[in-house]
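J.: Here the numbering used here = 1-based position in the sequence shown + 18.
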Amino acid sequence: MDGCIFCRIASGEITGLRVYEDEATLAFMDVAKDVDGHILVIPKAHCKKILDCEPETLDAIFRTVRKVSQHLVSDCGYEGVNLLNASGECAGQSIPHFHIHIIPRKGGDGIDAWPEFAGAKEDLQAVYDRVKM
Numbered sequence: 019m020d021g022c023i024f025c026r027i028a029s030g031e032i033t034g035l036r037v038y039e040d041e042a043t044l045a046f047m048d049v050a051k052d053v054d055g056h057i058l059v060i061p062k063a064h065c066k067k068i069l070d071c072e073p074e075t076l077d078a079i080f081r082t083v084r085k086v087s088q089h090l091v092s093d094c095g096y097e098g099v100n101l102l103n104a105s106g107e108c109a110g111q112s113i114p115h116f117h118i119h120i121i122p123r124k125g126g127d128g129i130d131a132w133p134e135f136a137g138a139k140e141d142l143q144a145v146y147d148r149v150k151m
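1) What does Glu134 pair with, by DSSP beta-bridge criteria?
2) One question on the structure: do Thr13 and Val59 come within less than 8 Å of each other, judged by their Cβ atoms?
3) Comparing C-alpha positions only, which one of Ile27, Asp48, Pro114 sits nearest to Glu121?
4) Nearest CA to the CA of Gly98: which residue from Gly55, Ala138, Phe135, Phe116?
5) Would you say the stretch 124-141 touches the stretch 104-116, given that touching needs at least three Cβ pairs under 8 Å?
6) Keeping to the same chain, check which residues put their C-beta closer than 7 Å to that of Cys25; ignore five residues upstream and five downstream.
7) Closest to Gly126 by CA distance: which of His117, Tyr96, Asp147 is it?
8) Can you look up Ile32 in the DSSP assignment and give me helix, strand or coil?
9) Short of 7 Å in beta carbon distance, which residues of its chain neighbour Leu35, apart from the five on each side in sequence? Order them along the chain.
10) When DSSP builds the beta bridges, which residues end up paired with Met47?
11) Find the nearest neighbour of His119 within the set Ile23, Val86, Ala28, judged by alpha-carbon distance.
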C-alpha cells in the first residue's frame, strides 16, 4: 500500500534490521529502542488490522512469531516473551499495518507488561452473555 511504512520496509524501499524473513512475513528490529531485542513481525501483504487479514496470513504470522520467539529464548539468552498487538485506533494502533510486537523478557528486567487496570465495570455474566459465540 502506498505510503505504508511497513509495506515500504517489506519491499526493501526502506531498510530495516531484518531478523527473519520468509515468503509471507518479515520480522525486524523495532527502531523505537524502548526494550532491548524488541522485534516486530508483519505480513508482507498489507492488511490494516487482525480483522482484515486472511486466515492464511495469520497462520504465517504466528508461525513466524513462534519461530522468532523460540530463537530468542533458545539462542539469545532471554527467558520468555510478551506478545502485543493493538488492532484499531481505540486500542492504540499507531501504524495501520497489522503487526505483532515480540518483547523478549528476562527475570527482574523491570518491564511492567501487565499493568493494573481500573477494574471491570460490567457484570461478568452480562458480558459473557454478550460475547459468547
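All C-beta atoms, glycine included, are put in the ideal place defined by N, C-alpha and C.
What you are looking at is a predicted structure, and each value in this text was computed from that prediction instead of being measured.
T.: This is what the structure holds:
1) Against the sequence shown, residue 134 aligns to sequence position 116. In the DSSP assignment, Glu134 is bridged to no other residue.
2) The requested residue 13 is not part of the displayed model; the chain covers only 19 to 151.
3) The sequence position of residue 121 within the sequence shown is 103, counting from 1. Glu is not the amino acid found at residue 121; the sequence shown has Ile there. Per the Cα distances, Asp48.
4) As a position in the sequence shown, residue 98 is number 80, starting the count at 1. Residue Gly55 is the option with its Cα nearest to Gly98.
5) no
6) The residue labelled residue 25 in the question sits at position 7 within the sequence shown. Excluding positions up to five away in sequence, the list reads Met19, His64, His115.
7) For the purposes of this step, residue 126 is taken as the residue at position 108 of the sequence shown. Checking every option, the nearest Cα to that of Gly126 belongs to Tyr96.
8) Taking the sequence shown and counting its residues from 1, the one referred to as residue 32 is at position 14. Coil, per DSSP.
9) The count along the sequence shown starts at 1 and reaches residue 35 at position 17. Excluding residues within five positions, the ones whose Cβ falls inside 7 Å are Phe46, Met47.
10) Stepping through the sequence shown from its first residue, residue 47 is reached at position 29. For Met47, which the question treats as bridged, DSSP gives the partners Ile57.
11) By one-based count along the sequence shown, residue 119 stands at place 101. Checked all of Ile23, Val86, Ala28; the closest Cα to His119 is Val86.
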